[in-house]
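Chemist:
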Amino acid sequence: MIKKVFYTILYFYLLFYAGQIKDFSSNYLSFITLWLGLGLLCFLISKSTVEKYNKYTIFFILVLSLFARYLVIEHPISDDTYRYMWEGYIQQFGVNPYLLAPDSQELIKYRWSEFKMPNHESMTAIYPAFSLMLMKLTSYISLDYRSFKIVFGFFDFLSILLLLMLMYSYKIPSGRVFIYALNPVTLFSFVGQGHLDSMMMFFVILSLLLFEKEKFSIMWISLALAFCSKYLCLLLIPMFINRKSYKSFYLFFVFTLLCFIPYLSAKFHIFDSLLSFSFNMQYNAFIFSLVKTILFGNHILAHFLLSSIGIVLGTWLFISRTNPIYPALSISAMFLIFAPTIHFWYLSLFIPFLCFVESPALVFWTVSSGLWYCHYQNLEFSHLPLVSLLEYSPVLLLLLWDLFRVKDFTQRKNQKISNKISVIIPEYNDHKNLKIILNQLQNLEVIADEVIVAHAGESKESFFICENFNVNILDCEKGRGNQIVQAIDNTKHEIILILHCDTSLNGEIISQVLYAMQQEENIGGCLGSSFEGSLDGQWFITFLNRVRARFLGISFGDQGQFFRRSVYINDEWDLKMPLMEDVELSLQLLKSKGRVLFLGNGLKSSIRRWQNKSRLKNAILIIRLVFIYCFKRRFQQKVDTKKLYQEYYL
Numbered sequence: 112m113i114k115k116v117f118y119t120i121l122y123f124y125l126l127f128y129a130g131q132i133k134d135f136s137s138n139y140l141s142f143i144t145l146w147l148g149l150g151l152l153c154f155l156i157s158k159s160t161v162e163k164y165n166k167y168t169i170f171f172i173l174v175l176s177l178f179a180r181y182l183v184i185e186h187p188i189s190d191d192t193y194r195y196m197w198e199g200y201i202q203q204f205g206v207n208p209y210l211l212a213p214d215s216q217e218l219i220k221y222r223w224s225e226f227k228m229p230n231h232e233s234m235t236a237i238y239p240a241f242s243l244m245l246m247k248l249t250s251y252i253s254l255d256y257r258s259f260k261i262v263f264g265f266f267d268f269l270s271i272l273l274l275l276m277l278m279y280s281y282k283i284p285s286g287r288v289f290i291y292a293l294n295p296v297t298l299f300s301f302v303g304q305g306h307l308d309s310m311m312m313f314f315v316i317l318s319l320l321l322f323e324k325e326k327f328s329i330m331w332i333s334l335a336l337a338f339c340s341k342y343l344c345l346l347l348i349p350m351f352i353n354r355k356s357y358k359s360f361y362l363f364f365v366f367t368l369l370c371f372i373p374y375l376s377a378k379f380h381i382f383d384s385l386l387s388f389s390f391n392m393q394y395n396a397f398i399f400s401l402v403k404t405i406l407f408g409n410h411i412l413a414h415f416l417l418s419s420i421g422i423v424l425g426t427w428l429f430i431s432r433t434n435p436i437y438p439a440l441s442i443s444a445m446f447l448i449f450a451p452t453i454h455f456w457y458l459s460l461f462i463p464f465l466c467f468v469e470s471p472a473l474v475f476w477t478v479s480s481g482l483w484y485c486h487y488q489n490l491e492f493s494h495l496p497l498v499s500l501l502e503y504s505p506v507l508l509l510l511l512w513d514l515f516r517v518k519d520f521t522q523r524k525n526q527k528i529s530n531k532i533s534v535i536i537p538e539y540n541d542h543k544n545l546k547i548i549l550n551q552l553q554n555l556e557v558i559a560d561e562v563i564v565a566h567a568g569e570s571k572e573s574f575f576i577c578e579n580f581n582v583n584i585l586d587c588e589k590g591r592g593n594q595i596v597q598a599i600d601n602t603k604h605e606i607i608l609i610l611h612c613d614t615s616l617n618g619e620i621i622s623q624v625l626y627a628m629q630q631e632e633n634i635g636g637c638l639g640s641s642f643e644g645s646l647d648g649q650w651f652i653t654f655l656n657r658v659r660a661r662f663l664g665i666s667f668g669d670q671g672q673f674f675r676r677s678v679y680i681n682d683e684w685d686l687k688m689p690l691m692e693d694v695e696l697s698l699q700l701l702k703s704k705g706r707v708l709f710l711g712n713g714l715k716s717s718i719r720r721w722q723n724k725s726r727l728k729n730a731i732l733i734i735r736l737v738f739i740y741c742f743k744r745r746f747q748q749k750v751d752t753k754k755l756y757q758e759y760y761l
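Just so you know, we're using the numbering used here here: the sequence shown kicks off at 112 and counts up by one.
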């Protein structure tokens, strides 16, 4: 409680002074220092606040959010608002802003006394139709440029309310909303500078809430309005498509067309400025600049290469995740990392998702993005490569650290384990490896409370081995999925760990899993593995497996999958299949509400399937089969894996 109060007081003390700075030519270093402090305190406040949802907590959150926005209301407005007001105002005279640019001689007569020329004055409107409608309405009410702070601040505040509703549904601690509500990016983007991105994010968050409630028709209308607010949200649209929602997908196109009807006289000129901005401009980019330099300054080729990488990764996210929150975070962050032009307010595209998904790298980016003001000292844009390096390099290093880190869930002094664990070992005529893994399990410091061998095959040697090790053995129907299901039905304990028979242990895996599952929000995950031996090129397969498990959430059986038995029962998982039972288990975990873990290490996988084969062909086969299964799984309740099984084993 004392920490929370201290962090909050210090946060608003810094915010008060940051809100007073208006001259960036002499005070930009002071402002950036305050921004860095605000970003850090925002994170600390979100970690230290209470988890309860009641009227007092909600009132406290909303009051702090409103007060924070009040303190930045005098921040210098963005020159983007000059374009908002101009394009809204000329519509009152029947002018289509997609046809005539602000510097057009035909439009000089419409300039008013306090008119300010928009940036890129020779470019026609770039914003979508619904934004133009709101600009028209705002300019009709008032020609004060600061009015956009109120309009977009209103959408910003509504987003906080929607986030709280969505977080309550996902059982996320209420304090995590401060990652959005007190983030310097959102404060200075919307109420501070008056950017319209808050309108897009309001409709995106509303769509997430409607997705959760399975109100798909209204959801597509909301997404159409998000797209017609700012084109950027097009990146997120595919993540909302599944076997239930696709039937009403047509509504997205219908309402998008309805929004654009008043402007169709411009025909394809509607996209002139958008295309010019996308393919000809570059500002404050790091990865794009680096790739472009490597490609001898070829702007188009750099676009093509980074877009191709993004499409591949985005496609895998699409087929692997049925809930749109994590892929929306990943895709928006990936797009911004690769983008040729990045302003700090663009980061508002992924900040709401950080309330649900922990990402130290992206949280830090919202802090380091304050360095943008180094480029903007005299209210004019400049590009400083060293500043971009300082902004992006820590973010990229944190992303790599997040990929390769091994989470420490080892025993703490005086820490007690409240859970018990059952280990399931599916085995098919592999008594030699069975003896090895049972011996390793018994030699751990913390041993499993129960071990069940799910045997299939003709050999009876496994029964004698299990008798010697005093573990249970079941005679099961052939097929790893069938064996696992039968074993789960016979387990006694809440935590279940599945180990492949040909896997060897590389650490205290039982204690790792038990301590990881002490927190109720953790519902399962995988240990992680590397391959035994030093077969050439196998390190790259290990790397791909790690990326797949860590960022896509799809683990394989040889990575040591674990989960709560209660989740398995309550969500009615169906793992009874000859192949892909491990992928299905991963997809079911991702679908369930709770945190899915990747511990990073603990097992050594056998390379016997990779020996005497082309590793490239084998890798392509596995990737193709998993892709086919995941794609079909997204649009079907049940996928027949018999053909996949035959192709894999025969």
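Beta carbons: idealized from backbone N, C-alpha and C, even for Gly.
Just so it is clear, the structure is predicted and the values come from calculations on it, not from any experiment.
(1) For the beta strand (DSSP E) that contains His566, what are its first and last residues?
(2) Please report the distance separating the alpha-carbon of Val750 from that of Tyr626.
(3) Tell me the DSSP secondary structure of Cys612 in three-state form.
(4) Taking only runs that begin and end inside the segment 171-229, name each unbroken alpha helix (DSSP H) of 4 or more residues, in chain order.
(5) Using alpha carbons as the reference points, say which of Ser270, Cys466, Asn579 and Trp331 lies closest to Ser356.
(6) Under a Cβ-count criterion, where at least 16 other Cβ atoms within 10 Å of its own Cβ denotes burial, should Arg735 be classed as buried or exposed?
(7) Whole angstroms is fine: what's the gap from Leu375's alpha carbon to Glu758's?
(8) Can the beta-carbon of Val288 be found less than 8 Å from the beta-carbon of Ile172?
(9) Look at the alpha carbon of Val478 and the alpha carbon of Glu631, and state the distance between them as a whole number of angstroms.
(10) How is Tyr361 classed by DSSP in three states: helix, strand or coil?
(11) Opposite Lys633 in the DSSP bridges: which residues?
(12) Would you kindly report the start and end of the unbroken beta strand (DSSP E) that includes Glu538?
(13) Taking all protein chains shown into account, do 16 or more other C-beta atoms lie within 10 angstroms of the C-beta of Leu655, making it buried, or fewer, making it exposed?
(14) Quick check: the Cα distance between Ala472 and Val506, rounded to an integer number of angstroms?
(15) Quick one: what's Tyr394 bridged to in DSSP?
(16) What does DSSP give as the partner residues of Ser641 in its beta bridges?
(17) Can you grab the Cα-Cα spacing for the pair Asn544 / Asn633, in whole Å?
(18) I need the straight-line Cα distance from Glu578 to Leu610, nearest angstrom please.
(19) Give me the Cα-Cα distance between Ala396 and Ile329, rounded to the nearest whole angstrom.
(20) Can you give me the Cβ contacts of Ser441 inside the same chain, cut-off strictly under 6 Å, excluding the 5 residues immediately before and after it?
(21) Tell me the DSSP secondary structure of Leu482 in three-state form.
(22) Quick one, which of Gly664, Ile718 and His604 has its alpha-carbon nearest Gln642's?
(23) I want to know whether the segment 398-411 touches the segment 222-239 - three or more CB-CB distances under 8 Å.
(24) List the residues that DSSP assigns as beta-bridge partners of Leu585.
(25) Do you know offhand how far Pro208's Cα is from Thr235's?
(26) Could you tell me which of His566, Leu121 and Leu210 sits nearest to Lys378, measuring between CA atoms?
(27) Quick check: what's the CA-CA separation for Lys114 versus Ser159?
(28) Using 8 Å as the Cβ pair cut-off and three pairs as the minimum, do the segment 419-427 and the segment 303-319 touch?
(29) If I follow the unbroken alpha helix (DSSP H) through Phe265, where does it start and stop?
(30) At the level of alpha carbons, what is the spacing between Ser176 and Glu225?
(31) If you compare alpha carbons, which of Gln747, Tyr740, Arg745 and Phe746 is closest to Lys753?
(32) Let me know the secondary structure DSSP gives Ile442 once reduced to three states.
(33) Straight-line CA distance for Tyr361 to Met312?
(34) Helix or strand or just coil, what does DSSP make of Ile606?
(35) Can you confirm whether Tyr181, when its beta carbon is compared against all beta carbons of chain C, has any partner nearer than 8 Å?
(36) Give the straight-line distance between the Cα atoms of Lys524 and Ile558, rounded to the nearest whole angstrom.
Modeler: The short version:
(1) Taken as a continuous stretch (DSSP letters only), the beta strand (DSSP E) holding His566 covers Glu561 to Ala567.
(2) Roughly 35 Å between the two C-alpha positions.
(3) Three-state DSSP puts Cys612 in coil, outside helix and strand.
(4) Correct list: 191-202.
(5) The option with the nearest alpha carbon to Ser356 is Trp331.
(6) Arg735 should be labelled exposed.
(7) Taking the straight line joining both Cα atoms gives about 51 Å.
(8) A distance below 8 Å separates the beta carbons of Val288 and Ile172.
(9) Distance from the CA atom of Val478 to the CA atom of Glu631, rounded to whole angstroms, is 30 Å.
(10) If DSSP states are grouped into helix, strand and coil, Tyr361 belongs with the helices.
(11) A small fix is needed here, since residue 633 is Asn in this sequence, not Lys. Asn633 is bridged by DSSP to Arg706.
(12) Taken as a continuous stretch (DSSP letters only), the beta strand (DSSP E) holding Glu538 covers Ile532 to Tyr539.
(13) Leu655 is exposed by the Cβ-count criterion.
(14) Straight-line Cα distance between these residues: approximately 5 Å.
(15) Its beta-bridge partners are Thr452.
(16) Paired residues: Lys715.
(17) About 31 Å.
(18) Between Glu578 and Leu610, the alpha-carbon positions lie close to 19 Å from each other.
(19) When rounded, the distance between both Cα atoms is 36 Å.
(20) For Ser441, where only same-chain residues beyond five positions count, the Cβ hits under 6 Å are Leu428.
(21) Leu482: helix per DSSP, three-state reduction.
(22) It should be pointed out that residue 642 corresponds to Phe in this sequence rather than to Gln. Taking Phe642 as reference, the option from Gly664, Ile718 and His604 with the minimal CA-CA separation is Ile718.
(23) Fewer than three Cβ pairs drawn from the segment 398-411 and the segment 222-239 lie within less than 8 Å of each other, which leaves the two stretches out of contact.
(24) Per DSSP, Ala565.
(25) The straight-line gap separating the alpha-carbon atoms of Pro208 and Thr235 is approximately 6 Å.
(26) Selection His566, Leu121 and Leu210 evaluated against Lys378 yields Leu210 as nearest (Cα-Cα).
(27) Rounded to the nearest whole angstrom, the C-alpha separation of Lys114 and Ser159 is 7 Å.
(28) No, the segment 419-427 is not in contact with the segment 303-319.
(29) It spans Ser258 to Ser280 - the alpha helix (DSSP H) in which Phe265 sits, taken as one unbroken run.
(30) Computed Cα separation, rounded: 32 Å.
(31) Check the Cα spacing between Lys753 and each of Gln747, Tyr740, Arg745 and Phe746: the tightest is with Tyr740.
(32) DSSP places Ile442 in helix when its eight states are reduced to three.
(33) Computed Cα separation, rounded: 22 Å.
(34) Ile606 falls in the strand class under three-state DSSP.
(35) Checking the listed chains, one finds no chain C in this structure; it contains a single protein chain.
(36) The predicted position of Lys524 is uncertain, since its pLDDT is 46 and thus under 50; a value taken from the coordinates is nonetheless stated next. Between the alpha carbons of Lys524 and Ile558 lies a gap of roughly 18 Å.
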